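Please read the structure below before turning to the comments.
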Amino acid sequence: MRKDNVILIGFMGSGKTTTGIGLSYRLQCTLEDTDKMIERREGRTISEIFAAEGEGYFRKKETELLRELREGKARRIFSVGGGTPLLEENRELLRELGRVVYLEVSPETVYGRLKGDSTRPLLQGDDPMGRIQKLMGEREKLYRAAADIVIPADGKRTAQVVEEIAKKLEQENKDENFDY
Ligand code: S3P
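Take 0 as the starting number for the sequence shown in numbering that gives the first Met the number 0 and just add one per residue.
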């Protein structure tokens with residue numbers, strides 16, 4: 000049976016962390032960031048993990064963590080890495096974990112927020128905007144496939160995004176008699 004957690008998905012820089020913080024106050028739930036959980040467990044940063052072990056290793060850790068979280072207590076908000084919903088198995092695990100909310104933003108928004116960022120190994124190199132466009136093009140349909148709720152987030156303040164999510168969750172809960 001599906002758990003009553005909320006999971007925020009979306010591209011790097013889509014605002015999962017800031018939205019998660021706002022939503023945790025709004026819904027009075029704790030927030031967990033799966034990237035940070037992996038970093039804590041591994042005792043090294045995502046960049047260090049990618050450099051030493053490669054992306055495949057990191058992806059395995061993401062899937063392992065989702066499997067464990069499914070067994071944990073519910074009524075939490077999870078912010079997951081931008082690549083988590085790419086694997087079919089992960090999309091299923093996310094659904095079992097709770098309501099999946101996709102924060103949809105444009106490549107320009109991501110670029111504006113992340114230019115100069117050195118913590119995202121997948122966006123390093125000469126042409127970050129080209130990388131963002133390419134990855135987003137590949138991922139867009141997978142994010143949509145994973146999502147129960149899609150929130151267009153471009154140009155909106157965090158408080159507005161939080162409110163839209165809360166309203167949609169309330170509506171869904173009413174429709175499905177789901178208790179929050
Ligand atoms: C990744 C997103 C990152 C992090 C890793 C890979 C991705 O998380 O998991 O660098 O593949 O999109 P954020 O979305 O929190 O930046």
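Backbone N, C-alpha and C fix where the C-beta goes; we use that ideal spot for every residue, glycine too. It should be emphasised that the depicted structure is a prediction, and the values quoted were computed from it without experimental measurement.
| said: Among E70, P84, V100, I37, whose alpha-carbon lies nearest the alpha-carbon of E137? | reply: The alpha carbon of E137 has as its nearest neighbour, out of E70, P84, V100, I37, the alpha carbon of P84.
| query | Is A73 near K15, with beta carbons less than 9 Å apart? | reply | Not closer than 9 Å, so no.
| query | Under the criterion of a Cβ to heavy atom distance below 8 Å, does E171 qualify as lining the ligand PLP? | reply | For the ligand PLP, the structure offers nothing, since it holds only the ligand S3P.
| Comparing alpha-carbon positions, which option in K166, L64, V160 lies nearest M36? | Comparing alpha carbon positions, the residue from K166, L64, V160 closest to M36 is L64.
| said: For G115 and R94, what's the separation of their Cα atoms in angstroms? | reply: For the pair G115 and R94, the Cα-to-Cα distance works out to about 34 Å.
| task | Determine the direct distance from the alpha carbon of R119 to that of T18, and round the result to whole angstroms. | result | Those two C-alpha atoms are separated by around 19 Å.
| Leaving out five residues before and five after L22 in sequence, what residues of the same chain have Cβ atoms less than 8 Å from its Cβ? | Closer than 8 Å at Cβ, skipping near neighbours: V5, L7, C28, L30, I76, V161, I164, A165.
| task | Using three-state DSSP, classify L26 as helix, strand or coil. | result | Note: L26 maps to helix in three-state DSSP.
| field | Three-state secondary structure (DSSP) of Y179 | value | Note that Y179 has pLDDT 49, beneath the 50 cutoff, so the model's placement of it is unreliable and the number below is only indicative. It is coil, neither helix nor strand.
| message | the ligand S3P and F77: does the residue's C-beta get closer than 8 Å to at least one heavy atom of that ligand? | response | Distances from the CB of F77 to the heavy atoms of the ligand S3P are all 8 Å or more.
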